[in-house]
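So for the sequence shown, this note's numbering puts the first residue at 16; every next one is plus one.
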Amino acid sequence: MTRIVRTVRGDIAPGELGPCDAHEHLFLATPLQPGEELDDVAAATEEARSLVAAGAAALVEWTPLGLGRNLDGLVAVSEATGLHVVAATGLHRDAHYEDDSAFRTADIDALAERFVADLARCGVIKLGASYHLLTPFEQRAFAAAAAAHEQTGAPVCVHTEVGTMGLRIVERLRSLGVPPESVVLAHLDRNPDAGEHADTATAGAWLQLDGPGRTKYWPDSTILKLIDDLAERGHADRILVGGDTGRRSMMRSYGGGPGLDYVFVRFKPRLERELGAELARRIFVANPARAFAFELRDARP
Ligand SMILES: [Zn+2]
16 MTRIVRTVRG
26 DIAPGELGPC
36 DAHEHLFLAT
46 PLQPGEELDD
56 VAAATEEARS
66 LVAAGAAALV
76 EWTPLGLGRN
86 LDGLVAVSEA
96 TGLHVVAATG
106 LHRDAHYEDD
116 SAFRTADIDA
126 LAERFVADLA
136 RCGVIKLGAS
146 YHLLTPFEQR
156 AFAAAAAAHE
166 QTGAPVCVHT
176 EVGTMGLRIV
186 ERLRSLGVPP
196 ESVVLAHLDR
206 NPDAGEHADT
216 ATAGAWLQLD
226 GPGRTKYWPD
236 STILKLIDDL
246 AERGHADRIL
256 VGGDTGRRSM
266 MRSYGGGPGL
276 DYVFVRFKPR
286 LERELGAELA
296 RRIFVANPAR
306 AFAFELRDAR
316 P
């Protein structure tokens, strides 16, 4: 069986992915973050160029449907910089959508059909969960994502709110037919509790830590400690790291900081120094090549 990573410019072998920033946004607009819109191709290209200069070869863009996602823009950025870009279909958590959003009234079959159609160009299915709960909107999105996963095999990438409900999300997706090995949980470092996340890793899911540079919430040392604790417990082969630089105020090209490249310029070298180059290579190269790869299925788009 051929495993591939589906980028916006076509399928590549997992081994071609290279050093990967597992969670970013180059285009994003949400009513939850007014004034923080990422909507400029030139700015996105400039940021992507800085990431490539810092040693990255790939980026997973987690902006789902209805929130300013720009697939043509991602193709343009990828062409201009050579960066492999994996795009997302799917839906974010409930709170990101207006009351009159068409996604609120779409049924599960219609959503699944839309996700599958998108997966001709996208390589992951995004979902969102609320704080310690799944709203009816999110439950429908989960069911639709599971149906789209069944048809395509694409990984299911889930926003957790403050790092909550990791294992419950994995169990719910498993009950819908999505194996834990195909599930990536984001933002787990917002609840830097290695013991809790170890259970989720034991179940077989991917643990993503994506808050380097968010110094007003916690220092990078907290994330390094969490990585060290998870590795100590035997879960180094389940960890992914991204920057999640999803705001205008975080991008230098829009006049903010620390910039898209922070995770590669600052965090990765520190990880290498403090926890070893081998662990860093696993987290930034080997693990993404497994987490974001999938077997092409017959019913593929
Ligand atoms: Zn994000």
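Quick reminder that beta carbons are idealized off the backbone N, C-alpha and C, glycines included.
Predicted model, so just to flag it, every value in this text is computed and none were measured.
Residue j beta carbon less than 8 Å from that of residue i
i, j, result
"T96", "V67", "yes"
"V171", "A144", "no"
"L134", "A169", "yes"
"V199", "V100", "no"
"G105", "L142", "yes"
"A216", "R262", "no"
"V75", "H38", "yes"
"L182", "R155", "no"
"A73", "L43", "no"
"P243", "L188", "A quick correction: the sequence has Asp, not Pro, at residue 243. Cβ atoms of D243 and L188: not closer than 8 Å."
"A295", "W221", "no"
"P46", "E113", "yes"
"A63", "V92", "yes"
Helix, strand or coil at residue i [DSSP, three-state]
i, result
"G267", "Per the sequence shown, residue 267 should be read as Arg rather than Gly. Of the three classes helix, strand and coil, the one that applies to R267 here is helix, per DSSP."
"T104", "strand"
"G143", "strand"
"R315", "Annotation note: pLDDT 47 at R315 (below 50); position unreliable, coordinate value reported separately. Reduced to three states, the DSSP call for R315 is coil."
"R297", "helix"
"E39", "strand"
"L82", "coil"
"A71", "coil"
"L148", "strand"
"L241", "helix"
"L275", "coil"
"L47", "coil"
"F157", "helix"
"T22", "strand"
"E310", "strand"
"E113", "coil"
Burial state of residue i, where buried means 16 or more other Cβ atoms lie within 10 Å
i, result
"P303", "buried"
"L148", "exposed"
"D225", "buried"
"G30", "exposed"
"P273", "buried"
"R229", "buried"
"G50", "exposed"
"P151", "exposed"
"G257", "buried"
"A268", "Per the sequence shown, residue 268 should be read as Ser rather than Ala. Flag for S268 reads buried."
"A28", "exposed"
What ranges does the beta strand (DSSP E) occupy inside the region 160-211, keeping only unbroken runs of at least 3 residues that lie completely in it? 171-174, 198-201
What residues sit near ligand 1, counting only those whose C-beta is closer than 6 Å to one of its heavy atoms, in chain order? H38, H40, W77, D259, G261
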